[in-house]
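Visitor: Below: one structure in structure tokens.
There are 2 protein chains.
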Amino acid sequence: MERFSFASEVAFVPHGDLLDGVTVAPLTAPMSEQSPFQAAIFRFAPGGRLARHSATALEIFAVLEGSGEVIGPDAVGEPISIGEAIFWSPGDEQEMHSATGMSVLIIQGERLDRFRRSTATP
Amino acid sequence: MERFSFASEVAFVPHGDLLDGVTVAPLTAPMSEQSPFQAAIFRFAPGGRLARHSATALEIFAVLEGSGEVIGPDAVGEPISIGEAIFWSPGDEQEMHSATGMSVLIIQGERLDRFRRSTATP
Numbered sequence: 002m003e004r005f006s007f008a009s010e011v012a013f014v015p016h017g018d019l020l021d022g023v024t025v026a027p028l029t030a031p032m033s034e035q036s037p038f039q040a041a042i043f044r045f046a047p048g049g050r051l052a053r054h055s056a057t058a059l060e061i062f063a064v065l066e067g068s069g070e071v072i073g074p075d076a077v078g079e080p081i082s083i084g085e086a087i088f089w090s091p092g093d094e095q096e097m098h099s100a101t102g103m104s105v106l107i108i109q110g111e112r113l114d115r116f117r118r119s120t121a122t123p
Numbered sequence: 002m003e004r005f006s007f008a009s010e011v012a013f014v015p016h017g018d019l020l021d022g023v024t025v026a027p028l029t030a031p032m033s034e035q036s037p038f039q040a041a042i043f044r045f046a047p048g049g050r051l052a053r054h055s056a057t058a059l060e061i062f063a064v065l066e067g068s069g070e071v072i073g074p075d076a077v078g079e080p081i082s083i084g085e086a087i088f089w090s091p092g093d094e095q096e097m098h099s100a101t102g103m104s105v106l107i108i109q110g111e112r113l114d115r116f117r118r119s120t121a122t123p
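Here the protein sequences come in this chain order: A and B. Numbering of the first sequence is given in our numbering, commencing with residue 2 and proceeding in unit increments. Numbering of the second sequence is given in our numbering, commencing with residue 2 and proceeding in unit increments.
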């Protein structure tokens, strides 16, 4: 049993220009250190955005708090809010922003699949 | 790009007597279907509890909302609240409850490690 924090105070602003107004608080060891998957909390301040890019891995994007807009491969903006998630495939173009702020859990992995009710519900 | 929900409305009450007043909304495919890891949102209603048992896998328990109490291997209760997490090893005895309600992300996996700032912070 080992306690740790993923609060706003320990989040950091990643290098690069993909993120603007977004901090990242990782929960797991990163895939860059041979982890087969990684999970982190992305906190979008009001006006925060993730610029358009292609997903590099299978990815689950799950909104934990607040709301925003997602623009996927078809370039059409769709609202997304708390309790809603998107499963992305590598190569999918993606872009997100939030006018009012949101917290998002992002999970990426080599053998990731989203939960599918038809096969796994008790 | 595939949308899905993990809202309260799609959460279920698992079989068994470990959980009382807690619903589960999985995000990923389960380890029982050969996934190398699994992640789910556990929502504790006020008074909800997870009875004492041994962790079966490496596990991250991260409080997303609200607060509660965790009782680990030393049998001493410790408060835990939003932004705080615990990394459990298989065999660790664990028990949680919340008087006022909390939402928790639980990630389990065979090769899971928590984020460690010393090795991975940019």
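C-beta: ideal position from N, C-alpha, C; glycine also.
Just to confirm the assignment: which complete beta strand (DSSP E) runs, minimum length 3, are found wholly within the segment 71-96 of chain B?
Guide: Taking 3 residues as the shortest admissible run, the segment 71-96 of chain B contains the following complete beta strand (DSSP E) segments, listed from N- to C-terminal end: 78-82, 85-89.
Visitor: Verify whether the separation of the beta carbon atoms of isoleucine 61 of chain A and arginine 115 of chain A is less than 7 angstroms.
Guide: yes
Visitor: Would you grab the beta carbon distance between leucine 28 of chain A and phenylalanine 7 of chain A for me? Rounded to a whole angstrom, and I think it's under 8 angstroms.
Guide: Rounded, the Cβ-Cβ distance is 6 angstroms, consistent with contact.
Visitor: What does the alpha-carbon distance come out to for the pair phenylalanine 13 of chain A and alanine 86 of chain B?
Guide: 17 angstroms
Visitor: What residue range is occupied by the uninterrupted beta strand (DSSP E) comprising alanine 41 of chain B?
Guide: 38-55
Visitor: Which residues in chain B sit within 7 angstroms of proline 1 of chain A, going by Cβ to Cβ distance?
Guide: Summary: the structure shown does not reach residue 1 of chain A, with chain A confined to residues 2 through 123, and so no result is reported for it.
Visitor: Quick one: is glycine 17 of chain A near chain B, going by C-beta distance under 7 angstroms?
Guide: no
Visitor: In terms of residue numbering, what span does the beta strand (DSSP E) encompassing glutamine 1 of chain B cover?
Guide: One cannot answer for residue 1 of chain B here, as it falls past the ends of chain B, which runs 2 to 123.
Visitor: Chain A beta carbons: is any one of them nearer than 7 angstroms to that of alanine 121 of chain B?
Guide: For alanine 121 of chain B, the pLDDT reaches just 48, beneath the cut-off of 50, and the residue's location in the model is therefore unreliable, although a value from the coordinates is still provided. Closer than 7 angstroms: yes.
Visitor: Give me the Cβ distance between valine 109 of chain B and leucine 65 of chain B, rounded to the nearest whole Å; I'm assuming they're in contact under 8 angstroms.
Guide: Checking the displayed sequence, the identity of residue 109 of chain B turns out to be glutamine instead of valine. Incorrect: roughly 16 angstroms between the Cβ atoms, too far for contact.
Visitor: Could you tell me which chain B residues have their CB closer than 7 angstroms to the CB of alanine 91 of chain A, listed as they occur along the chain?
Guide: Per the sequence presented here, residue 91 of chain A reads as proline, with alanine not at that position. Near proline 91 of chain A there are no residues of chain B at all, since even the closest Cβ is about 12 angstroms away, more than 7 angstroms.
Visitor: Taking C-beta pairs closer than 8 angstroms, name the residues in chain B that arginine 115 of chain A reaches, listed in chain order.
Guide: Glu3, Phe5, Leu28, Thr29, Ala30
Visitor: With a threshold of 7 angstroms between beta-carbons, can alanine 86 of chain B be considered close to chain A, or not?
Guide: yes
Visitor: Determine the DSSP secondary structure at threonine 120 of chain B, reduced to helix, strand or coil.
Guide: Model confidence at threonine 120 of chain B stands at a pLDDT of 49, short of 50, so the residue's coordinates are unreliable and nothing is read from them.
Visitor: Could you have a look at methionine 99 of chain A and say whether DSSP puts it in helix, strand or coil?
Guide: In the sequence under discussion, the amino acid at residue 99 of chain A is serine, which differs from the methionine named in the question. Three-state DSSP puts serine 99 of chain A in coil, outside helix and strand.
Visitor: Methionine 103 of chain A and glycine 73 of chain B: beta carbons closer than 7 angstroms?
Guide: Their beta carbons are not under 7 angstroms apart, which means methionine 103 of chain A does not touch glycine 73 of chain B by this criterion.
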